[in-house]
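Here the sequence shown is numbered in the numbering used here, starting from 409 and rising by one per residue.
For every residue, glycine included, the Cβ atom is placed at its ideal position computed from N, Cα and C.
Structure, as structure tokens:
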Amino acid sequence: MLDERLWRDASGRLTFDLSTVTAEHYPALCRNIADTFKLAPAMESSLVGIDQMFWEFCRNDQVISLDWDVWMGFMIVAKTTTAESLVHEIAIWATSELQNLPRQ
Numbered sequence: 409m410l411d412e413r414l415w416r417d418a419s420g421r422l423t424f425d426l427s428t429v430t431a432e433h434y435p436a437l438c439r440n441i442a443d444t445f446k447l448a449p450a451m452e453s454s455l456v457g458i459d460q461m462f463w464e465f466c467r468n469d470q471v472i473s474l475d476w477d478v479w480m481g482f483m484i485v486a487k488t489t490t491a492e493s494l495v496h497e498i499a500i501w502a503t504s505e506l507q508n509l510p511r512q
């Protein structure tokens, strides 16, 4: 299941998606991931809109974006190649922790 949720976007960035996460769960999920993986907000990079949201975080030289949109649901995107291992770590955690989220 994990492998089918990991893919590369058009820019070649490793991405993990969970379509079961709703917009209302997005802020708390981002905070939970940031706390669990000791992430800090990356600069002032965030966007909150009606049909999409993103928030960038970093840990040392690893930069990821936690995204949500109406088409894909929740996504974790490696913004740097060094963050690919972090995307894998979070994907494993999310797959086990978030199995019981209500469906969209």
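Cutting at 6 Å between CB atoms, please list the residues of its own chain near residue i, excluding the five before and the five after it.
i	result
Q460	D477
Please name the residue or residues paired with residue i in a DSSP beta bridge.
i	result
A486	I472
G481	D477
T423	W415 and V485
D456	In the sequence on display, residue 456 carries Val and not Asp. The partner list for V456 (beta bridge, DSSP) reads M461.
P449	F465
Just the C-alpha distance for residue i and residue j, rounded to the nearest angstrom, thanks.
i	j	result
W479	S419	18 Å
L506	L455	23 Å
R413	N468	25 Å
H496	D417	15 Å
M483	I458	16 Å
I441	L474	9 Å
T430	L494	22 Å
R439	T428	18 Å
How many whole angstroms separate the CB atoms of residue i and residue j, which I take to be in contact at a CB cut-off of 8 Å?
i	j	result
F465	L447	4 Å
For residue i, which residues of its own chain have a beta-carbon under 7 Å away from its beta-carbon, when the five flanking residues on both sides are left out?
i	result
L410	A499, I500 and T503
V471	A450, E464, K487, T488 and A491
W415	T423
T444	W501
Check whether the segment 416 to 424 and the segment 433 to 445 are in contact - that is, three or more C-beta pairs closer than 8 Å. no
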